[in-house]
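Chemist: Below you will find the structure I want to go over with you.
In full-length UniProt numbering, the protein residues as written are 1 to 270.
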């Protein structure tokens, strides 16, 4: 979870404190992630990662990574992580409902509470986040939610993730070519992007997939509630970002609502 939150901190730091552009950050992140995952698979004897994954999942991964990068041009690390996490969970819960998973009363209550927190976070005001950046981050969350559902049960998780990362690389390179006129190569920014791709994404995803089989589904879902909290603490301590009352209240509503949904779902399966 620290690695996942680290993506928010690294991306925000790069786009706020260096001259790297969002398209270049996205490309370097995906290339670095693909290389790290490929190396990890090679050590395990798997040298054909392109046999797993799919172009549809790679497109969802690319949309997530690109929207994530551009959104952090205007959002704090904590704000971005909260919007991203809320959108991911809302997407996965909504798709589950569409697929016929009928929520119980408490799950509906939790969903409404979480959605209200998300809406409250975006209401106009002095501490409201920029709307366009917020919509980009919500789009990133939707794309990651779709990606997560597509990847579930698609094969050996690390190999599938590697194949998807490798397929997403040419998409990112096309984006960089299209945005060539606004490209900025900054060495510090490149370092942040490599750390985000190779460590926070590549190694982070590999560790998560190793731990996932050891966790109960509800525990795995619940532990992810810590990501926005870790990002918020890191933003305050490492990036000197303010922790506003709006963010705290909305965060409690969003994370609390999702926790209600998860716990109600656990009781439903008992």
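Backbone N, C-alpha and C define an ideal beta-carbon position, used for all residues, glycine too.
Nothing here was measured: the structure is a model prediction, and the numbers come from that model.
Which runs of the alpha helix (DSSP H) spanning at least 4 residues fall entirely within the segment 127–189, listed in chain order?
Modeler: Listed in chain order, they are 131–151 and 157–178.
Chemist: Alpha helix (DSSP H) containing residue 9: first to last residue?
Modeler: Counting from one through the chain shown, the residue named residue 9 turns up at place 9. Residue 9 -> alpha helix (DSSP H) spans 2–17.
Chemist: Using 8 Å as the threshold, is the segment 49–60 in touch with the segment 197–205, meaning 3 or more CB pairs across them?
Modeler: The segment 49–60 vs the segment 197–205: no contact.
Chemist: CB-CB under 8 Å to residue 169, same chain, minus the five flanking residues each way: which ones, in chain order?
Modeler: Taking the first residue of the chain shown as 1, we reach residue 169 at position 169. Closer than 8 Å at Cβ, skipping near neighbours: 27, 30, 31 and 34.
Chemist: What did DSSP end up calling residue 24 once you bin it into helix, strand or coil?
Modeler: What you label residue 24 is simply residue 24 of the chain shown in a count that begins at 1. Three-state DSSP puts residue 24 in a helix.
Chemist: Quick one: Cα of residue 166 to Cα of residue 62, how far?
Modeler: Taking the chain shown and counting its residues from 1, the one referred to as residue 166 is at position 166. Taking the chain shown and counting its residues from 1, the one referred to as residue 62 is at position 62. Rounded to whole angstroms, residue 166 to residue 62 spans 10 Å at the Cα level.
Chemist: Tell me which same chain residues have a C-beta within less than 7 Å of the C-beta of residue 11, skipping the five on either side of it?
Modeler: By one-based count along the chain shown, residue 11 stands at place 11. Cβ within range, chain order: 25, 68, 69, 72 and 196.
Chemist: Would you call the CB atoms of residue 74 and residue 157 closer than 7 Å?
Modeler: For the purposes of this step, residue 74 is taken as the residue at position 74 of the chain shown. For the purposes of this step, residue 157 is taken as the residue at position 157 of the chain shown. Contact: no.
Chemist: Just how far apart, CA to CA, sit residue 110 and residue 83?
Modeler: For this step, residue 110 is matched to residue 110 along the chain shown. For this step, residue 83 is matched to residue 83 along the chain shown. The alpha-carbon atoms of residue 110 and residue 83 are separated by roughly 17 Å.
Chemist: Terminal residues of the continuous alpha helix (DSSP H) containing residue 121?
Modeler: Along the chain shown, read from residue 1 onward, the residue named residue 121 stands at position 121. That run of the alpha helix (DSSP H) goes 105–122.
Chemist: Below 6 Å CB to CB, which residues in the same chain sit around residue 87 once its five sequence neighbours on both sides are set aside?
Modeler: Counted from its first residue, the chain shown places residue 87 at position 87. These residues qualify, in order along the chain: 138, 141 and 142.
Chemist: Could you check which residue in 64, 210, 258 and 255 has the C-alpha nearest to that of residue 136?
Modeler: Position 136 of the chain shown, counted from the first residue, corresponds to residue 136. It is 64 whose Cα lies nearest to the Cα of residue 136.
Chemist: Could you tell me how far apart the beta carbons of residue 159 and residue 41 are, in whole angstroms, since I believe they sit closer than 8 Å?
Modeler: Start at 1 with the first residue of the chain shown, and residue 159 comes out as number 159. Start at 1 with the first residue of the chain shown, and residue 41 comes out as number 41. Their Cβ separation, rounded to whole angstroms, is 6 Å, which keeps residue 159 and residue 41 in contact under 8 Å.
Chemist: Note down the Cα distance separating residue 43 from residue 163, rounded to an integer number of angstroms.
Modeler: In the chain shown, residue 43 corresponds to position 43, counting from 1. In the chain shown, residue 163 corresponds to position 163, counting from 1. Whole-angstrom Cα-Cα distance: 16 Å.
Chemist: Who are the near neighbours of residue 264 in its chain, counting only those whose CB is closer than 7 Å to its CB and skipping five residues on each side?
Modeler: Your numbering for residue 264 matches position 264 in the chain shown. 104, 106, 107 and 110.
Chemist: Using a 10 Å radius around the Cβ and a threshold of 16 neighbouring Cβ atoms, would you call residue 146 buried or exposed?
Modeler: Counting from one through the chain shown, the residue named residue 146 turns up at place 146. Buried, by the Cβ-count rule.
Chemist: Within 10 Å of its beta-carbon, does residue 178 have 16 or more other beta-carbons around it, so buried, or fewer, so exposed?
Modeler: In the chain shown, the residue the question calls residue 178 occupies position 178. Under this definition residue 178 is an exposed residue.
Chemist: Give every residue of the same chain whose Cβ lies closer than 7 Å to the Cβ of residue 149, excluding the five residues on either side of it in the sequence, and list them in chain order.
Modeler: Your numbering for residue 149 matches position 149 in the chain shown. Counting only Cβ-Cβ distances below 7 Å, and skipping sequence neighbours, we find 92 and 95.
Chemist: Taking just the CA atoms, how far does residue 22 sit from residue 77?
Modeler: The residue you call residue 77 lines up with position 77 of the chain shown. The residue you call residue 22 lines up with position 22 of the chain shown. One C-alpha to the other measures close to 15 Å.
Chemist: Quick one: what's got a C-beta closer than 6 Å to residue 6's C-beta in the same chain, skipping five residues either side?
Modeler: Counted from its first residue, the chain shown places residue 6 at position 6. 200.
Chemist: If residue 3 and residue 210 are in contact, beta carbons under 8 Å, what's the gap, nearest whole angstrom?
Modeler: For the purposes of this step, residue 3 is taken as residue 3 along the chain shown, with counting starting at 1. For the purposes of this step, residue 210 is taken as residue 210 along the chain shown, with counting starting at 1. The pair is not a contact, with the Cβ atoms about 12 Å apart (cut-off 8 Å).
Chemist: Please list, in chain order, all residues of the same chain as residue 97 whose beta carbon is under 8 Å from its beta carbon, the five residues on each side excluded.
Modeler: The count along the chain shown starts at 1 and reaches residue 97 at position 97. If we look at residue 97 and ignore the five residues flanking it on each side, its Cβ neighbours are 103.
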